[in-house]
Structures are given as C-alpha cells and as structure tokens.
C-alpha cells in the first residue's frame, strides 16, 4: 500500500479521501487551465449533454475519421473528424520534438502518442446495458410471482419495479447517457493515449506528472484545443469552446460551439421514445406465463380457469400503450433516474403542464419539454453552459437548424 497515493479503490474510505486530496494537490497546476478535473460538478457530463443539459448523442451530420496512431490493429479507433485532425497534427509535434531531441524519447506515453481508446457507440453500450436491466426486471417479476393477463395489467404491476430500479440503475437511454454507466468516449471528443488503471494514483504521478515531458504535453494539448483530465491524465478531451479546436471544426462547417452541439448531436429521447414500447413489450413477452384462477360459483362449487396472457404484435407496439400512458411512465422513470429535487407539488404541476403540452404538440415535443424542465436543476456554474450564454442558446439553435434545412 502506498503511503501518499491510492493504488486502488479497495482501501478504507478515510484513507481514500485523504490520499485523493494529496493527489489533487500534487497534480494541480494553476499555470495550466486546460488541466481539468472532469469529476467535479457537472463537468463529468461534458460531451454527453447539450447546453440545456438534455442528454445527446452524435448524429449522421457529425463526420468521424479513423485514428492511425494506434497499435490496436484488431480495432479501428475513431473520433470526430476535426478532433482527429487536431490530434494528428499534435502527434506530429511530439514526433518532431523527439527526433531533434527536445523531449525525452524514453517516456512510453508522452513521446510518441499512441491511441488506446477513442469513440464508443452510445447505442451499442446502451443495448448491452439494457439487456442486463431487462434480465433483472424479468427475474424480479418471476421471483415476486407477478401474474397478468394483458399488457395493461402488466404495466400496472411492473411500473413500480422499473421506477424503483431506475433510482440506482438507468432504464431509459437519456438516463443511461447521463449516468456514470456511460463513459465520456461516447461523445467522439475523447482520446486516450494509455491503457492504465484509473484508480492507481501512484502510477499517474510516477508515469505522467513526474515525466520530463509532462509540461510539454500540457502546453501542446492547449495549443491544439485539448483539455487533459486531471483524474485520468492520459485522457485528452477536445475543448469545443476553444478557438484552437473551432479552427479545426470550421473545416467541416462548424464555426461555433453551438453549431457543433445543435447540428452534430441529437437529443437522446428522440431515439428512445419510439423504442420504449418495444422494450416494454420484450419484458412482457419474456415474463408472461399462463396461470390458473380458481373461481367460486354461487352454489359454492369451484371451477378452474387457465389464463393465457394476450399475445401482441411487435409490429404494432402503439396498440399496447397509448401515447399519454407512455408519456406518464416516461416521466416517472426519468424523475427516478435524475433524482429530481422537485417537491410533490412541483411534480404534480410539472406533470400537468407537460400533459397539456402533449395535447397541443404530441408525444416527442412533450418529452423534450419535460427533459428541459428536469435538466434545469443541473444548470450550475463550472459546467458546459460556461461555454456560452444561456440567453443566446435558443436563438442560435433556431438559426443553425434553419441554415441546415
């Protein structure tokens, strides 16, 4: 066990806390504003939420390119194209400096940059996650011996299970993207140049902070528009609010932070809502079973009835749950996932407002309005909204959308 730095997260709570303070003090350097802890406040949501804190995912408008600086031959690692451009040019600077002997060539991480990890598809990660969640729900249904003859009975009985589980394990796509189950790499803005243990602070200090190339690394990252994660110093993150990174982004038509977020990324609920009923139907089909009901007749005799749950077509999921019921359930689950600080009165008022909005605009717009409402509690200083003024966001979004049609 290290005296000053944690080697893993298995030590006692007080020891971990004290050693984390030592690590933070040792690593921090006010000269480098691009050395940032992405564990603080809402910074851990960077690249996963829009300016209004609605969870997002890259869409087809955002170009991706392969990263050639890797020995991971089994996989083709990718990132957003302008991030790749900036990284490749930065890598060339490291190569030049090692060639002429201006930086150490013995450093395994900070001499020749080698990509170990980059973009991960949020959809693929969510699909893997939700399979485990579904299995857990089905097991709970069977363990509790819950019986139902149709989807309405199923939804009534199972909704409390999903909502309770959602408080600790995300169920919706939006909840997943906002959670710590989802890595920063889903943004396409993140590149990792080492494959090391994030919990081993002693190794971080020894191999990065104490490297003769450390200050060069921080300076060059800043000059190319990258931040360095103080908790994971081999992780570099494209700062889409920096003029340096926007210079690269402009090659692809993205001239502002807002244009990147508004055009290159889509809100996560627009993907999930159309699939939500299919997901519930899968759980229904996996947990339904026939059962016996004993009926007592007026003369005191009994009859046995075999109840076979209704079969539903996966091609017509809308028939199993109305838009209004889908909206109500979605709001309950998202409230549980986001650990909303709303009072009961505020929740009732919000639900009433969203339902009225649904009657005017429909399901998807109502879900979006709801996401904006619950995301407002995350709007604190030191987070993504620092990049832009909130009073400009709506106007800029409208301009970007109009110019892209």
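In this note's numbering, the protein residues as written are 0 to 404.
Ideal placement from N, C-alpha and C gives every residue a C-beta, glycine not left out.
1. What's the C-alpha gap between residue 105 and residue 124?
2. Quickly, what does DSSP pair residue 320 with across the bridge? List them, please.
3. Could you tell me which residues DSSP puts in a beta bridge with residue 226?
4. Does the count of Cβ pairs from the region 93-100 and the region 145-154 closer than 8 Å reach three?
5. What do you get for residue 65, buried or exposed, if any count of 16 or more other CB atoms within 10 angstroms of its CB means buried?
6. Pick from 262, 63, 109: whose alpha carbon is nearest that of residue 189?
7. Ignoring anything shorter than 3 residues or poking outside the region 265-310, list the beta strand (DSSP E) runs there in chain order.
8. Provide the residue(s) that pair with residue 79 in DSSP beta bridges, ordered along the chain.
9. For residue 389, which of helix, strand or coil comes out of DSSP?
10. To which residues of the same chain is residue 228 closer than 6 Å at the C-beta, ignoring the five residues directly before and after it?
11. Express the C-alpha separation of residue 183 and residue 45 in angstroms, rounding to a whole number.
12. Express the C-alpha separation of residue 236 and residue 353 in angstroms, rounding to a whole number.
13. Given residue 276, which residues of its chain have a CB within under 8 Å of its CB, disregarding the five upstream and five downstream residues?
14. Roughly how many angstroms lie between the CA atoms of residue 327 and residue 350, to the nearest whole one?
15. Could you check the C-alpha separation between residue 284 and residue 307 for me, to the nearest Å?
16. Can you give me the C-alpha to C-alpha distance between residue 355 and residue 134, rounded to a whole angstrom?
17. Helix, strand or coil: which one does DSSP assign to residue 109?
18. Suppose you measure from the CA of residue 405 to the CA of residue 329; what does that come to, to the nearest Å?
19. Quick check: what's the CA-CA separation for residue 379 versus residue 253?
20. Excluding the five sequence neighbours on either side, which residues of its own chain have a C-beta within less than 6 Å of the C-beta of residue 302, listed in chain order?
21. Taking the alpha carbon of residue 54 as the point to measure from, which residue in 223, 248, 177 has its own alpha carbon closest?
22. With 16 as the cutoff for other CB atoms within 10 Å, does residue 296 come out buried or exposed?
23. Identify, in the order they occur along the chain, each residue of the same chain with its Cβ nearer than 8 Å to the Cβ of residue 33, setting aside the five sequence neighbours on each side.
24. So what's residue 354 in DSSP terms, helix, strand or just coil?
25. Residues in its own chain within less than 8 Å of residue 381 by CB, not counting five upstream and five downstream?
So, to answer that:
1. Translated into positions along the chain shown, residue 105 becomes position 106. Translated into positions along the chain shown, residue 124 becomes position 125. Answer to the nearest angstrom: the Cα atoms are 36 Å apart.
2. Translated into the one-based positions of the chain shown, residue 320 becomes position 321. Answer by DSSP bridge pairing: none, since residue 320 is not bridged.
3. Reading the chain shown from its first residue, position 227 is the one you call residue 226. Residue 226 is bridged to 236.
4. No, the region 93-100 is not in contact with the region 145-154.
5. Numbered from 1 along the chain shown, position 66 holds the residue referred to as residue 65. Classification of residue 65: exposed, given that the 10 Å Cβ count is below 16.
6. Position 190 of the chain shown, counted from the start, is the residue given in the question as residue 189. The residue with the shortest Cα to Cα distance from residue 189 is 63.
7. Listed in chain order, they are 290-295, 301-306.
8. Position 80 of the chain shown, counted from the first residue, corresponds to residue 79. DSSP lists 63 as partners of residue 79.
9. Here residue 389 refers to the residue found at position 390 when the chain shown is read from its first residue. Confidence in residue 389 is poor, its pLDDT being 36 and thus under 50, which makes the residue's placement too unreliable to answer from.
10. As a working mapping, residue 228 is identified with position 229 in the chain shown. Answer for residue 228: 37, 234, listed in chain order.
11. On the chain shown, residue 45 is found 46 positions in, with the first residue counted as 1. On the chain shown, residue 183 is found 184 positions in, with the first residue counted as 1. Our two residues, residue 45 and residue 183, have alpha carbons roughly 7 Å apart in a direct line.
12. Here residue 353 refers to the residue found at position 354 of the chain shown. Here residue 236 refers to the residue found at position 237 of the chain shown. When rounded, the distance between both Cα atoms is 36 Å.
13. Taking the chain shown and counting its residues from 1, one reaches residue 276 at position 277. Answer for residue 276: 316, 317, 319, 320, 325, listed in chain order.
14. In the chain shown, counting from the first residue as 1, residue 327 sits at position 328. In the chain shown, counting from the first residue as 1, residue 350 sits at position 351. When rounded, the separation of the alpha-carbon atoms in residue 327 and residue 350 is 8 Å.
15. As a first step, residue 284 is located in the chain shown; it is residue number 285 there, counting from the start. As a first step, residue 307 is located in the chain shown; it is residue number 308 there, counting from the start. Near 12 Å, if we compare the C-alpha coordinates of residue 307 and residue 284.
16. On the chain shown, residue 355 is found 356 positions in, with the first residue counted as 1. On the chain shown, residue 134 is found 135 positions in, with the first residue counted as 1. Going by the C-alpha atoms only, they are around 35 Å apart.
17. One-based indexing of the chain shown puts residue 109 at position 110. Here residue 109 carries a coil assignment [DSSP, helix/strand/coil].
18. This structure leaves residue 405 out entirely; the chain is present only between 0 and 404.
19. The residue labelled residue 379 in the question sits at position 380 within the chain shown. The residue labelled residue 253 in the question sits at position 254 within the chain shown. Model confidence at residue 379 stands at a pLDDT of 42, short of 50, so the residue's coordinates are unreliable and nothing is read from them.
20. Position 303 of the chain shown holds residue 302. Closer than 6 Å at Cβ, skipping near neighbours: 294.
21. In the chain shown, counting from the first residue as 1, residue 54 sits at position 55. If we check each option's Cα against that of residue 54, 177 comes out closest.
22. Here residue 296 refers to the residue found at position 297 when the chain shown is read from its first residue. Result: exposed.
23. Looking up residue 33 in the chain shown gives position 34. Cβ neighbours of residue 33 beyond the five flanking positions: 217, 220, 221, 225, 226, 227, 238.
24. Position 355 of the chain shown, counting from 1, holds the residue named residue 354. Note: residue 354 maps to helix in three-state DSSP.
25. Here residue 381 corresponds to residue number 382 of the chain shown, with the count starting at 1. Its pLDDT being 36, under 50, residue 381 is placed unreliably in this model, and the value from its coordinates should be taken loosely. Cβ within range, chain order: 39, 40, 41, 42.
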